[in-house]
Amino acid sequence: MATQVVMPKLSPTMEEGQLARWLKKEGDKVGVGEPLAEVDTDKATMEAQALATGVLRKILVAEGETVPLGAIIAIIGEPDEDISALLSQAESGEAAAANKRSIEDSVKAGGDGAQSELANVVPDGARTQATIQGQPLAGDVGGAPSNTYETAASAGQTPQPGGGAGDSGAARQSSGNGQSGAGAATGGSGGGGRLIVSPIAARMAAEAGINLQTLKGSGPGGRIIKRDIESAVATGAQQAQSQQQTQQTPAPAETPAQQPQQPAAPAVFQQPAVEGASPYTEVPVSTMRATIARRLVSSIGPVPHFFLTTEIEMDRAAELRRSLNELDPELKISINDLIIKVAAVALMQHPAVNASFQEKTIRHYQRADIGVAVAVEEGLITPVVRGAERKGIGQISREVRELAERARARRLKPEEYTGATFSISNLGMFGIDEFTAVINPPEGAILAVGAMQPKPVVREGEVVVRQIMRVTMSCDHRVIDGATGAKFLQTFKKILENPLYLMT
Amino acid sequence: MAVITMREALNQAMREEMQRDPDVFLMGEEVAAYQGAYKVSKGLLEEFGDKRVIDSPITELGFAGLGVGAAMVGLRPIIEFMTFNFSILATDQIVNSAAKMRYMSGGQFKIPIVFRGPNGSAFQVSSQHSQALESWYAHFPGLKVVMPSTPADAKGLLKSAIRDDDPVIFLEQERMYGNKGEVPDEPDFLIPLGLADVKREGKDATLIARSMTVPIALKAAEELEKQGVSVEVVDPRTIRPLDIETIINSVKKTNRVVVAEESHPFCGVGAEISAQIMERAFDYLDAPVKRVSGADAPMPYAKNLERLALPDVATLVAAVREVCYLD
Amino acid sequence: MSELKVTPMKPRAQSGEDSATGTAAGVAEQDSADRINPAELRQEHEQRQEHQRRSIEDVDRETLTRMLYQMILIRRFEEKSAEAYTLGKIGGFCHLYIGQEAVAVGSLSALRPDDYVMTSYRDHGHSLVKGTPADEVMAELFGKAGGCSAGKGGSMHLFDADNNFLGGHGIVGGQIPLATGVAFASKYRGTDQVTLCFFGEAAVNQGAFHESLNMAQLWKLPCIYICENNQYGMGTSLARAMSLQDVSQKARAYNMASEFVDGMDVLAVREATARAVERARRDSEPTLLEVRTYRFMGHSMSDPGNYRTRAEIEKYQERDPIKVFSDSLKQEGLIDDAAVADIEKRVRAEVEQALKFADESPEPAPEELFTHIYATPINK
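Going line by line, the protein sequences match chains A, B and C.
Per my numbering, the first sequence starts with residue 1, numbered consecutively.
Per my numbering, the second sequence starts with residue 1, numbered consecutively.
Per my numbering, the third sequence starts with residue 1, numbered consecutively.
Below is the structure:
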């Protein structure tokens with residue numbers, strides 16, 4: 001007899017779970033007690049086990065999707081059994097709501113230690129509903145309880161309608177690579193597909209130009225509420241703005257389709273909203289990552305910065321520059337042009353830094369589009385050098401000069417100064433030794449470059465004079481951790497100190 | 001400014017208005033010789049005599065209609081119902097006569113009458129003596145409905161009600177007669193009808209309370225302040241006409257609303273306020289308007305059940321936390 | 001209690017004996033109403049005329065002529081109202097006063113202009129006699145801006161504050177406490193105005209009637225309660241609705257003065273009212289008058305009157321108060337046929353003019369929907 005597999009309650013405070021990974025695929029045989037999937041709860045990643053024997057007939061929740069407790073996530077049955085009745089039940093959502101209630105009741109009855117009793121939840125007449133039992137994965141920590149999903153209301157938490165990989169109607173399940181339609185997977189619907197948003201939140205979002213689809217609601221049933229918008233405004237997740245700008249400007253002659261690209265990874269890249277901006281892939285923000293993000297934001301500000309500083313010996317880079325300029329006086333390559341190129345190359349080796357935090361997903365960029373801070377009369381603007389990793393230093397140099405010129409003339413088009421993946425700000429020409437720069441959201445990091453100057457350093461036990469430059473990278477801690485940033489800087493430093501690496 | 005009870009404030013209001021205008025008289029059960037079932041009319045018989053302070057038979061329909069007739073030809077009656085539960089017997093005269101006379105005569109008559117008395121729950125008096133009827137009377141155009149929550153409001157509003165040229169349903173609360181508060185002494189201290197009062201300012205949520213629920217709301221707001229939630233308490237004071245502007249302004253500021261009332265929820269004033277907020281400030285809401293009402297059951301006698309049937313500080317605190325998404 | 005026999009579904013006139021109510025005074029005559037023989041009816045008619053001829057001596061000719069004019073005015077006005085109703089010019093409820101003219105005309109003729117009158121929804125006659133111009137009454141029936149209640153009251157709610165006509169009231173018995181309050185105000189202020197309160201006999205079963213009579217006698221209020229007993233409350237005959245059918249007897253429960261009056265005799269009504277007015281004005285004492293009358297038409301224009309026999313109606317038409325009164329006046333030589341014809345002519349002109357006025361009067365302006373709700377609206 002076919003059975004429904006529901007999102008199990010795997011922690012006392014759990015209201016919903018994110019399906020981290022399926023350990024079985026449709027058609028696989030499963031047995032009682034066998035691991036079916038990994039589930040991110042609010043506390044840890046847990047393994048969900050099958051409580052029925054048969055074939056995994058249908059997967060109803062895609063990896064990365066978050067569904068409420070009790071939602072039907074799969075169906076186990078005999079290979080040739082008719083499961084259409086169970087499927088339609090799953091779609092109606094009634095079963096899921098009932099499951100959730102009965103799970104809650106049984107937990108109440110059994111106290112915190114009652115998780116194992118979930119296995120016994122209730123056959124209902126003609127069908128059996130199997131729940132799945134969870135065990136913490138080795139090495140995972142319980143962590144401090146998070147109350148984020150403990151809002152009373154089960155009301156409004158609509159279960160996901162069915163739709164597996166083979167379901168033609170399941171467009172929002174296109175996330176084989178984890179970048180589903182942002183709306184369904186990340187919207188404030190608690191997984192119900194429809195965006196649930198409080199009126200004031202909708203109004204504020206419209207005024208601030210925030211795309212609600214990018215937000216996760218913290219209200220009951222995933223309702224997007226006022227504080228979610230306030231937090232989004234603070235973090236500057238203003239996608240809608242850039243979309244708007246695109247609409248306002250004539251489309252550039254060059255479209256991404258006309259630029260044959262060599263994917264850096266086998267991933268399929270999403271087309272960006274800004275014309276000419278880098279395509280990207282997105283992976284869902286894990287429950288833990290979301291918690292980290294929230295906590296960091298609430299502790300030190302909307303974009304939680306941290307800073308990494310390193311000293312770079314620039315003698316060889318300076319030598320390279322001199323040589324190149326001697327080869328062709330027209331080139332007029334600057335140290336900054338070299339820095340841009342090196343940063344772009346280093347970013348390709350550290351995709352975790354070439355990324356941005358998108359509330360419910362982390363966006364990893366295909367290209368290194370480097371924003372170059374240019375001081376202009378009324379302030380600062382960062383024109384973007386697209387795909388710097390693939391461009392020659394001479395080309396970068398020409399582009400930067402041309403962009404800077406037009407920036408000062410205020411003739412940049414919006415798509416020329418938005419949508420960078422990483423920025424560089426250089427105040428060396430002002431004699432600044434070292435400084436920290438503020439991240440330009442939603443970019444993940446910015447590099448602050450100080451002046452290159454001769455300094456005594458110790459090399460092989462001897463004091464020698466070297467051209468030293470100090471750089472400080474500001475990182476968005478929601479997307480970049482300390483070690484991640486440090487490794488990037490290590491590479492950056494290595495290449496700049498030995499520019500021959502550019503040839504590798 | 002003297003600190004006096006609500007009972008004394010109401011008494012002062014009637015005394016001052018009777019001194020001021022010989023057309024004002026008081027009629028009701030036990031208002032004269034007995035000095036008022038709740039002593040609100042204490043001393044008035046002695047001062048004004050039995051021509052103006054009149055004990056009526058237990059005949060609510062009769063003396064309510066008598067008052068309306070007297071008002072048609074220019075007197076300014078104050079009709080006391082011993083409790084508003086008994087006004088149910090008089091609703092024909094209040095609704096069919098008082099509320100309609102001006103309209104159906106094409107404006108030829110004004111009906112300057114006040115129906116007053118305690119409304120709502122008391123102390124263990126069970127189902128027939130614990131009803132809050134404001135939604136009944138507020139339903140009808142032609143009536144004004146007033147519900148004071150402090151001695152000062154009681155005095156200022158009752159004086160305005162007596163001077164008003166329209167029928168006013170003035171709803172007191174037995175539980176509040178002994179509540180004390182500062183009341184201005186000047187004889188022309190009036191509070192205009194139709195003006196809400198922000199009893200406490202706040203920014204996170206608006207608690208709209210009236211009559212008995214106002215002191216409860218203020219206590220809840222204090223409690224919530226300790227929990228870091230800033231609550232604005234708005235007292236409409238007049239239910240009809242309702243000062244919806246003050247309410248809407250508060251909602252636009254806080255985006256979250258709880259309406260507290262001791263009446264039953266169904267078709268109640270809280271429902272009306274909720275609907276108007278939805279109509280006028282939908283785009284400012286961050287959460288559905290939450291009502292905290294008396295239980296949707298007749299009032300029981302047993303003390304524990306009676307307590308359960310009425311809003312208290314804890315239920316208001318919980319409701320505010322709910323609309324603020326704090327639990 | 002087990003001995004009590006009740007036959008609620010059949011009129012008592014056909015139920016033979018009824019031990020529960022058989023002892024009530026005045027019941028026998030009503031029960032046998034259909035069986036009155038023509039000789040008795042003639043005798044009654046002669047007695048009434050004899051009374052009128054005696055009474056005429058006490059009233060001046062101008063008053064008598066005016067009373068006849070008013071009775072005919074009501075009759076023709078109501079006939080035209082019925083016609084206008086069938087033409088769709090009058091809507092809603094329209095309760096006619098045909099057959100009861102002697103009550104309003106007789107009783108109001110005993111009043112001073114500053115006395116108050118209040119009545120039920122059958123109010124056209126009282127309003128016309130109290131002084132409301134026929135134009136304004138008809139316009140009100142037509143729902144026009146020129147109506148005495150600005151088109152907002154309609155047939156049931158005629159008001160005329162200038163003439164102290166305090167309205168037609170739509171809830172059976174509702175005006176009785178109101179009139180009691182008006183009388184209370186007169187006493188409170190020390191004026192000697194009296195209040196006439198009219199109601200049908202069906203209202204006597206309402207609590208409002210009993211509560212009011214109790215208060216009026218208790219506080220000695222100058223109010224005269226006039227029960228126009230037309231013997232039907234809508235479609236239910238008195239016998240089927242009232243345990244004690246002698247309405248005037250009910251005053252005894254409140255120790256109040258009362259009289260039974262022949263409502264087909266305009267002068268009898270005038271005299272009885274005058275006695276009650278004197279009691280009220282001089283002694284501030286209320287009175288209950290039971291005026292026996294008869295509706296010639298149905299309860300309202302939407303009532304075909306199927307519940308009454310043709311013989312019943314015809315019999316009472318022989319007692320037509322206008323015919324009785326004009327016969328008496330002729331017999332006494334106070335008017336002749338030409339004078340009556342002249343009255344008819346003037347009445348018809350007045351009613352035609354009223355119809356014209358009502359037709360031509362504009363409808364109330366749309367904004368009038370929201371006026372007159374409050375005397376002191378609160379504008380913020």
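We treat Cβ as the ideally placed atom computed from N, Cα and C, and that holds for glycine.
Predicted, not measured: the structure shown is a model, and the values here were computed from it.
{"Asked": "Measuring alpha carbon to alpha carbon, tell me which residue in B:E30, B:R76 and B:K39 is nearest B:A161.", "Found": "B:R76"}
{"Asked": "Determine, for C:K80, whether the minimum Cβ-Cβ distance to residues of chain B falls below 9 Å.", "Found": "no"}
{"Asked": "So, is A:A234 buried or exposed, given that buried needs 16 or more other C-beta atoms within 10 angstroms?", "Found": "exposed"}
{"Asked": "Any C-beta of chain C sitting closer than 9 Å to the C-beta of B:I239?", "Found": "no"}
{"Asked": "So, with DSSP's three-state summary, where would you put C:H45?", "Found": "helix"}
{"Asked": "Our contact map puts B:S87 next to B:E60 with C-beta atoms below 8 Å; I'd like the distance itself, whole angstroms only.", "Found": "7 Å"}
{"Asked": "Helix, strand or coil for C:R282 per DSSP?", "Found": "helix"}
{"Asked": "Give me the chain C residues within the contact set of B:Y103, using Cβ-Cβ distance strictly less than 8 Å, ordered along the chain.", "Found": "K152, H372 and I373"}
{"Asked": "Apply the 10 Å Cβ neighbour rule to A:R410 and answer buried if 16 or more other Cβ atoms are within range, or exposed otherwise.", "Found": "exposed"}
{"Asked": "Please list, in chain order, the residues of the region 142-158 of chain B that have any C-beta partner in chain E closer than 8 Å.", "Found": "This model lacks chain E altogether, as its protein chains are A, B and C."}
{"Asked": "Determine the chain C residues that contact B:G106 at a beta-carbon separation under 8 Å, and present them in chain order.", "Found": "G147, C148, S149, A150, G151, K152, G153, F159 and H372"}
{"Asked": "List the whole-angstrom C-beta distance separating A:I75 from A:A2, where the pair is believed to meet the contact cut-off of C-beta under 8 Å.", "Found": "6 Å"}
{"Asked": "Interface residues of chain B around A:G428 at Cβ under 9 Å?", "Found": "Near A:G428 there are no residues of chain B at all, since even the closest Cβ is about 47 Å away, more than 9 Å."}
{"Asked": "For B:M147, name the three-state secondary structure that DSSP assigns.", "Found": "coil"}
{"Asked": "Mind checking if C:I72 is an interface residue toward chain B, Cβ cutoff 9 Å exclusive?", "Found": "no"}
{"Asked": "In the structure shown, what three-state DSSP assignment does C:D115 receive?", "Found": "coil"}
{"Asked": "Helix, strand or coil for A:F488 per DSSP?", "Found": "helix"}
{"Asked": "Looking at chain A, which residues of the region 256-289 of chain B have a Cβ within less than 8 Å of any of its Cβ atoms?", "Found": "F282, D283, Y284, L285, D286 and A287"}
{"Asked": "Along chain A, in chain order, which residues have C-beta atoms closer than 8 Å to that of B:Y325?", "Found": "T151, S218, G219, P220, I225 and R227"}
{"Asked": "Could you tell me the boundaries of the alpha helix (DSSP H) in which C:H126 lies?", "Found": "H124 to K130"}
{"Asked": "For the alpha helix (DSSP H) containing C:H210, list its first residue and its last residue.", "Found": "G207 to L218"}
{"Asked": "Strictly below 9 Å CB to CB, what residues from chain C border B:P57?", "Found": "E211, N214, M215 and L218"}
{"Asked": "To the nearest angstrom, how far is the alpha carbon of C:A183 from that of C:T195?", "Found": "6 Å"}
{"Asked": "Does any CB atom of chain C fall closer than 9 Å to the CB of B:V317?", "Found": "no"}
{"Asked": "Are B:N119 and B:P151 close, meaning C-beta to C-beta below 9 Å?", "Found": "no"}
{"Asked": "Helix, strand or coil: how does DSSP classify B:T213 here?", "Found": "helix"}
{"Asked": "Which chain C residues are close to B:S97, counting only those with a beta carbon under 9 Å from its beta carbon?", "Found": "H169, I171, G174, Q175, P177 and L178"}
{"Asked": "May I ask which residues mark the beginning and end of the beta strand (DSSP E) holding A:V479?", "Found": "A:V479 -> no beta strand (DSSP E), and no H or E assigned at all."}
{"Asked": "Just to confirm my understanding: we take C:V347, look at its own chain, exclude 5 residues before and 5 after, and list those with CB closer than 6 Å. What are they?", "Found": "I72, L73 and R76"}
{"Asked": "Starting from A:P199, find everything on chain B with Cβ-Cβ shorter than 8 Å and list it in chain order.", "Found": "F282, D283, Y284, L285 and D286"}
{"Asked": "How would you write the range of the alpha helix (DSSP H) that C:K345 sits in, first residue to last?", "Found": "D337 to E360"}
{"Asked": "Could you tell me whether the region 227-243 of chain C touches the region 107-125 of chain B, where touching means 3 or more Cβ pairs closer than 8 Å?", "Found": "no"}
{"Asked": "Do A:E405 and A:V384 have their beta-carbon atoms positioned less than 9 Å apart in this structure?", "Found": "no"}
{"Asked": "Can you tell me whether C:G333 is buried or exposed? The criterion is at least 16 other CB atoms within 10 Å of its CB, across all chains shown.", "Found": "exposed"}
{"Asked": "When you compare each of A:V6, A:V61 and A:G371 to A:E389 by their alpha carbons, which one comes out closest?", "Found": "A:G371"}
{"Asked": "How is B:G181 classed by DSSP in three states: helix, strand or coil?", "Found": "strand"}
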